[in-house]
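Undergrad: My questions all concern the structure below.
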Amino acid sequence: MNLQDQYYRRLFSSPLMVRALFAGILPPGLRDLVDIGTLEPLPTDYVSDRRRQRQGDRLWRVRRRDGQMLYLIIMLEHQSATDRMISVRVMGYCALMYEDLAMRRLLGPSGRLPIILPIVLYSGARRWREPRQVSELMDPAPPELMPYQPQMRYLLLDEGALADAGVLPADNLVSALFHLEHSRSIEETAQLLHTVLRLTDCAQGQELRRVFGAWARHVLLPRAAPATAALPDTEDLQEITLMMAAHPHDWGHKWRQEGRQEGEALLLARQLTRKFGPLSEDVQQRIRQAGTLQLEAWSINLLDAETLEAVFSGTD
Numbered sequence: 001m002n003l004q005d006q007y008y009r010r011l012f013s014s015p016l017m018v019r020a021l022f023a024g025i026l027p028p029g030l031r032d033l034v035d036i037g038t039l040e041p042l043p044t045d046y047v048s049d050r051r052r053q054r055q056g057d058r059l060w061r062v063r064r065r066d067g068q069m070l071y072l073i074i075m076l077e078h079q080s081a082t083d084r085m086i087s088v089r090v091m092g093y094c095a096l097m098y099e100d101l102a103m104r105r106l107l108g109p110s111g112r113l114p115i116i117l118p119i120v121l122y123s124g125a126r127r128w129r130e131p132r133q134v135s136e137l138m139d140p141a142p143p144e145l146m147p148y149q150p151q152m153r154y155l156l157l158d159e160g161a162l163a164d165a166g167v168l169p170a171d172n173l174v175s176a177l178f179h180l181e182h183s184r185s186i187e188e189t190a191q192l193l194h195t196v197l198r199l200t201d202c203a204q205g206q207e208l209r210r211v212f213g214a215w216a217r218h219v220l221l222p223r224a225a226p227a228t229a230a231l232p233d234t235e236d237l238q239e240i241t242l243m244m245a246a247h248p249h250d251w252g253h254k255w256r257q258e259g260r261q262e263g264e265a266l267l268l269a270r271q272l273t274r275k276f277g278p279l280s281e282d283v284q285q286r287i288r289q290a291g292t293l294q295l296e297a298w299s300i301n302l303l304d305a306e307t308l309e310a311v312f313s314g315t316d
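Per our numbering, the sequence shown starts with residue 1, numbered consecutively.
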């Protein structure tokens, strides 16, 4: 499990973060179904050793307003490439959890299985285009066989898409995290860190503030800092925020440079798609990882290239 996964797991182990998820990020209809004051994390022994969840996933349960329990699975996806088969993984994980609940006799008095809400939280730069339910991955079934096919859908939270769409609420910890992940402005980043400081300024927010500070120091800043910048020797979120506000010129150049490079990569990918059709994941990754000079060379090649291979030939 990489650093990003480790810190996301710790962030979404906080009740404050999951409450913020319900309060401002999930669709309003889902928010109204639950009594958020009953939210509690599931102990690790809810999933047995032979069926243990992936290290980055989090399990919670909350009581619905009708008195029944809702089990919440938060599956964290941080890799740059999306996962086409994740709906199958979600279905398998839910089935294993049901088996464990039944085996351990943890079902309610009715003996019926509880409702599950599977959430896939995706932080990659590329927008998520993968099927969101198992049936979309399957061959078309004749009407006679349709009733016997698996049906499983997950709720996708694509951080970048939500941030770009401008639909995230203000004064929300999860919104602040999503915007921080995709910020291209030193001023915006410092302002968002101030928001996190303010929203965690309470007794129950101290541990979450420490996790945000460690995440900012070990994930956010190394990703954004120029090679010549000295990273702060602290995980204190307030000190990090003050440092960024006091020395914006040390960080602004890298952010502007990365923003231009990302825009050049996106434009080239669109031009290639228009001329040659959909791009494979390997080609998209190659474009994302290229530097400015490489992107410029490919863009020049594109003018006369008759094949996709000709765009990339002799330029590596």
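Even for Gly, the Cβ is constructed at its ideal location relative to N, Cα and C.
Can you give me the start and stop residues for the beta strand (DSSP E) that R332 sits inside?
TA: Only positions 1 to 316 of the chain appear in the structure, and residue 332 is not among them; the question remains open.
Undergrad: Relative to the C-alpha of G111, which residue among V120, E99, I119 and Y122 is closest?
TA: G111 has its Cα closest to that of E99, out of V120, E99, I119 and Y122.
Undergrad: Considering only residues of the same chain and omitting the five flanking positions on each side of D35, which have a CB-CB separation below 8 Å?
TA: Once the five neighbours on either side are set aside, the close Cβ partners of D35 are V62, R63, R64 and R65.
Undergrad: Mind checking whether S87 and Q133 have CB atoms under 8 Å apart?
TA: Yes, the Cβ-Cβ distance between S87 and Q133 is below 8 Å.
Undergrad: Identify, in the order they occur along the chain, each residue of the same chain with its Cβ nearer than 8 Å to the Cβ of P131, setting aside the five sequence neighbours on each side.
TA: If we look at P131 and ignore the five residues flanking it on each side, its Cβ neighbours are R84, S87 and L137.
Undergrad: Taking just the CA atoms, how far does L308 sit from S299?
TA: Roughly 12 Å separates the two Cα atoms.
Undergrad: Would R288 pass as a contact of A265 if the rule is Cβ separation under 8 Å?
TA: In contact: R288 and A265 (Cβ atoms closer than 8 Å).
Undergrad: Can you pull the DSSP bridge partners for V174?
TA: In the DSSP output, where bridge partners are listed per residue, V174 has none listed.
Undergrad: Kindly provide the ranges of any beta strand (DSSP E) runs that are 3 or more residues long and lie completely inside the region 150-231, ordered along the chain.
TA: Listed in chain order, the complete beta strand (DSSP E) runs (minimum 3 residues) inside the region 150-231 are 155-158.
Undergrad: Over what stretch of residues does the beta strand (DSSP E) that includes L121 continue unbroken?
TA: Segment I115 to Y122, the beta strand (DSSP E) holding L121.
Undergrad: Please determine, among R127, M69 and L268, the residue with the shortest C-alpha to C-alpha distance to L320.
TA: Examination of residue 320 is not possible in this model, given that the chain is present from 1 through 316 alone.
Undergrad: Is DSSP giving Q68 helix, strand or coil here?
TA: Coil.
Undergrad: Counting pairs of beta carbons, one from the region 203-214 and one from the region 7-20, are three or more of them closer than 8 Å?
TA: At 8 Å Cβ cutoff, the stretches touch.
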